[in-house]
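Beneath this line is the structure, given in structure tokens, with notes to follow.
Structural data, given as structure tokens:
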């Protein structure tokens with residue numbers, strides 16, 4: 001299936017990310033349907049013109065009419081949905097997702113999925129520290145990375161289709177990697193950083209410091225405003241990788257602490273120079 | 001001395017912060033002179049209209065003509081400057097600074113300073129991750145905090161004068177605290193966060209991850225682009241506080257790691273909820 005504008009797309013799970021996909025796809029001329037158990041999310045999205053049709057439960061005809069389905073659900077809910085409703089999918093339908101962990105999701109979904117439809121996983125590396133369809137904003141895709149996560153079960157056509165989706169949504173950079181590589185990277189880049197932000201807020205009652213803070217503390221703790229249901233699930237689904245990353249990070253912090261305690265100025269400066277040199281690689285594309 | 005526009009201001013040290021002060025004060029109609037050992041900094045600032053006069057060495061007449069002097073130097077350099085040049089200061093001159101640590105600077109300067117001039121310390125909690133007068137930008141003061149750091153030696157007039165300076169520079173919030181309170185807070189809010197950013201970059205060679213990163217990692221490591229000469233000095237001048245903060249933070253990270261390793265979902269969620277609740281206090285004033 002090509003990303004031609006006559007395609008009918010169904011979004012399952014209409015939160016911040018599902019809503020932002022809907023917004024982008026509607027603007028591009030696609031017919032967008034959505035399912036969410038929350039009637040308020042559906043009625044908001046209909047009223048705001050984010051979707052053409054909306055349902056608070058699974059309507060077999062609506063599922064069957066979709067050429068493409070985008071799952072923006074918590075991992076456990078995603079698996080259950082497939083088990084219960086895959087019988088309604090049209091043969092040849094293309095499925096993708098936005099899930100933040102992959103190893104424990106992708107193989108399982110592909111194992112239980114019917115042979116005449118295909119699931120190709122993806123992770124849009126974009127988000128906001130606010131939640132819900134009302135905060136949908138497809139501008140978060142600009143300058144952001146989109147990762148396609150195929151397995152041996154995926155066809156070249158599906159991989160290409162998924163890359164095209166990232167492109168039309170407006171992502172700046174499309175990459176590909178295996179589920180295992182994905183989870184290793186995300187453990188470090190996203191989960192460890194969220195863990196650090198939480199620890200900065202919980203290690204001491206720092207509320208009285210608000211009037212003295214500069215931007216560095218604000219930047220490091222922006223993501224400390226965290227959806228506890230979603231992130232605890234993501235952390236636990238990537239537990240082995242994340243505990244290793246935390247250990248690695250703690251060991252480096254301990255090293256910096258020891259340089260400081262010893263008064264080793266040159267050792268500290270060397271670490272800072274290495275930090276500066278590496279950080280240059282992380283500026284946004286084109287900036 | 002009031003902040004009336006006929007005041008002559010001298011800025012000693014024309015880097016990012018000195019240049020940003022110059023820009024703001026020039027715009028407000030003050031006569032601004034500057035001293036910096038780098039001829040390029042001075043000629044740039046003259047050419048860009050940031051200053052009215054500039055010197056690459058201490059000119060006694062220029063120092064004597066200043067009603068107010070703003071020191072934007074590394075702590076050690078600041079002390080030496082006062083020792084060598086305070087004889088040129090006009091009687092009644094008001095001195096302030098922008099130094100990022102206070103306890104080891106303020107008492108020392110006040111101890112060696114002539115009795116007929118006054119030094120009132122301040123810390124503008126604003127900055128950029130780029131350096132030098134060419135990156136000067138007085139918009140960094142908007143929405144930012146300005147901390148006046150008096151001791152028992154300071155007069156109420158000097159404290160008021162310094163608060164006024166913060167106000168006319170455009171800071172959103174002016175606070176006051178002792179040097180010890182300042183260093184305790186700054187250890188946590190600023191130095192610990194810089195240490196974390198550095199550790200994230202140095203704990204592993206992560207350059208190949210650049211194409212996969214999202215905003216959270218970029219935000220947490222923005223300040224990993226760090227001036228090693230300045231920050232190693234600031235870290236070492238606040239060594240006891242900072243090592244304590246690092247220990248506190250490491251202990252909290254270890255606690256999160258253990259909740260994760262045990263699979264304690266509710267424990268993780270509780271930490272995340274506490275994090276979210278506290279983070280709400282840190283939004284910028286008026287936002």
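Chains as they are written, first to last, in this note's numbering: chain D, 1 to 287; chain R, 1 to 287. Beta carbons are placed, not taken as given, at the ideal position from N, Cα and C, and that holds for glycine.
Beta-carbon neighbours of residue 274(D), restricted to chain R and to distances below 9 Å: 198, 201 and 202
- prompt: For the beta strand (DSSP E) that contains residue 148(R), what are its first and last residues?
  reply: 145 to 149
- prompt: Mind pulling the chain R residues with CB within less than 8 Å of residue 141(D)?
  reply: Going along chain R, no residue has its Cβ under 8 Å from residue 141(D), so there is no contact; the nearest lies around 11 Å.
- request: Tell me, please, whether the CB atom of residue 281(D) is closer than 8 Å to any CB atom in chain R?
  value: yes
message: Using C-beta distances below 7 Å, list every residue in its chain close to residue 103(D), excluding the 5 sequence neighbours before and after it, in chain order.
response: 179, 180 and 183
query: Can you name the residues of chain R whose CB is closer than 7 Å to the CB of residue 147(D)?
result: 212
- prompt: What does residue 231(R) touch in chain D if you count any residue whose Cβ is under 9 Å from its own?
  reply: In chain order: 268, 269 and 272.
- request: Answer yes or no: does any C-beta atom of chain D fall closer than 8 Å to that of residue 225(R)?
  value: Yes, residue 225(R) counts as interfacial toward chain D.
- prompt: Taking contact to mean at least 3 C-beta pairs separated by less than 8 Å, is the region 198 to 211 of chain R in contact with the region 219 to 232 of chain D?
  reply: no
message: Counting only C-beta atoms, is residue 278(R) closer than 8 Å to chain D at any point?
response: yes
query: In the DSSP assignment, what are the bridge partners of residue 8(D)?
result: 31(D)
field: Stretch pair the region 8 to 17 of chain R + the region 35 to 44 of chain R: three plus CB contacts closer than 8 Å
entry: yes
- request: Take every Cβ of the region 54 to 72 of chain R, pair it with every Cβ of the region 82 to 90 of chain R, and state whether three or more of those distances are shorter than 8 Å.
  value: yes
- request: Using the Cα positions of residue 157(R) and residue 119(R), report the straight-line distance between them to the nearest angstrom.
  value: 12 Å
query: Since residue 138(D) contacts residue 20(D) with CB under 8 Å, what's their CB separation in whole angstroms?
result: Rounded, the Cβ-Cβ distance is 5 Å, consistent with contact.
- prompt: Who are the Cβ neighbours of residue 193(D) in its own chain at under 8 Å, not counting the five residues just before and after it?
  reply: 223
- prompt: DSSP state of residue 57(D), grouped into three classes?
  reply: coil
message: At the 8 Å Cβ level, is residue 8(R) part of the contact set with chain D, yes or no?
response: no
- prompt: Using the C-alpha atoms, what's the distance from residue 109(R) back to residue 79(R)?
  reply: Those two C-alpha atoms are separated by around 6 Å.
- prompt: If you check the beta carbons only, do residue 47(D) and residue 214(R) fall under 8 Å apart?
  reply: Contact: no.
message: Using a Cβ-Cβ distance cut-off of 8 Å, determine whether residue 28(D) contacts chain R.
response: no
query: Should residue 225(D) go down as buried or exposed, given a rule of 16 or more other Cβ atoms within 10 Å for buried?
result: Residue 225(D) counts as buried, since at least 16 other C-beta atoms from the protein chains shown sit within 10 angstroms of its C-beta.
task: Note the first and the last residue of the continuous beta strand (DSSP E) segment covering residue 122(R).
output: First-last of the beta strand (DSSP E) with residue 122(R): 121 to 125.
query: Which residues of chain R have a Cβ atom closer than 9 Å to the Cβ of residue 228(D), listed in chain order?
result: In chain order: 268, 269, 270, 271, 272, 273, 275 and 276.
field: Cα-Cα separation between residue 54(D) and residue 95(D), rounded to whole angstroms
entry: 18 Å
query: Are the beta-carbon atoms of residue 68(D) and residue 9(D) separated by less than 8 Å?
result: yes
- prompt: Between residue 297(D) and residue 220(R), which are expected to be in contact by the criterion C-beta below 8 Å, what is the C-beta distance as a whole number of angstroms?
  reply: Because chain D spans 1 through 287 in this model, residue 297(D) falls outside it and cannot be assessed.
message: Using a 10 Å radius around the Cβ and a threshold of 16 neighbouring Cβ atoms, would you call residue 254(R) buried or exposed?
response: exposed
- prompt: Can you tell me the Cα-Cα spacing of residue 169(D) and residue 152(D), whole angstroms?
  reply: If you take the alpha carbons of residue 169(D) and residue 152(D), they lie about 25 Å apart.
- prompt: With respect to the alpha helix (DSSP H) encompassing residue 69(R), which residues constitute its N-terminal and C-terminal limits?
  reply: Careful: residue 69(R) lies outside any alpha helix (DSSP H), inside the beta strand (DSSP E) at 68 to 71.
message: I'd like the ranges of any alpha helix (DSSP H) spanning at least 4 consecutive residues and lying wholly in the region 88 to 124 of chain D.
response: 103 to 112
- prompt: Going along the chain, which residues of the region 155 to 180 of chain R sit with their C-beta nearer than 8 Å to a C-beta in chain D?
  reply: 173, 175 and 177
query: Can you name the residues that DSSP bridges to residue 173(D)?
result: 145(D)
Contacts of residue 151(D) in chain R (Cβ-Cβ under 7 Å): Within chain R, no residue comes near residue 151(D); the closest Cβ sits about 18 Å away, beyond 7 Å.
Option nearest residue 244(D) by Cα separation, candidates 112(R), 261(R) and 245(R): 261(R)
Closer than 8 Å to chain R by CB, residue 188(D): yes
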